[in-house]
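**Q** Just so it is clear: in the sequence shown, position 31 is 31 by full-length UniProt numbering, and no numbers are missing.
No residue lacks a Cβ here, since even glycine has one placed at the ideal position from N, Cα and C.
What you are looking at is a predicted structure, and each value in this text was computed from that prediction instead of being measured.
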Amino acid sequence: MLWKTIEEELAKQGKSLYWLAKETKKEKSFYYRVKNGIVKTINLDTAIKIADALDISLDKFR
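1) In or out: I38 buried (at least 16 other Cβ within 10 Å) or exposed?
2) What separation, rounded to the nearest whole angstrom, lies between the Cα atoms of residue 66 and D59?
3) Under 7 Å Cβ to Cβ from T5, same chain only, skipping five residues before and after it: list those, please.
4) Span of the alpha helix (DSSP H) holding D45?
5) Roughly how many angstroms separate the alpha carbons of I42 and A53, rounded to a whole number?
Structural data, given as structure tokens:
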């Protein structure tokens with residue numbers, strides 16, 4: 001669910017994973033681990049950074 005939301009929003013906004021990694025100050029490898037199911041949950045601080053970067057509500061991650 002988390003990755004699906006991130007992927008959909010990036011596509012909708014025409015932004016890249018590289019852009020998101022830079023905006024959130026997270027390594028691209030973090031997002032690949034989310035995509036591959038290695039990371040299943042994230043902390044609130046990271047969720048806020050992603051939501052702010054994508055200009056979406058935290059509720060989208062539910």
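**A** On the basis of the supplied data:
1) One-based indexing of the sequence shown puts residue 38 at position 38. Label assigned to I38: exposed.
2) Examination of residue 66 is not possible in this model, given that the chain is present from 1 through 62 alone.
3) Here residue 5 refers to the residue found at position 5 of the sequence shown. The residues are K60, F61.
4) Reading the sequence shown from its first residue, position 45 is the one you call residue 45. Per DSSP, D45 belongs to the alpha helix (DSSP H) from 44 to 54.
5) By 1-based counting over the sequence shown, the position of residue 42 is 42. By 1-based counting over the sequence shown, the position of residue 53 is 53. Approximately 16 Å between the Cα atoms of the pair.
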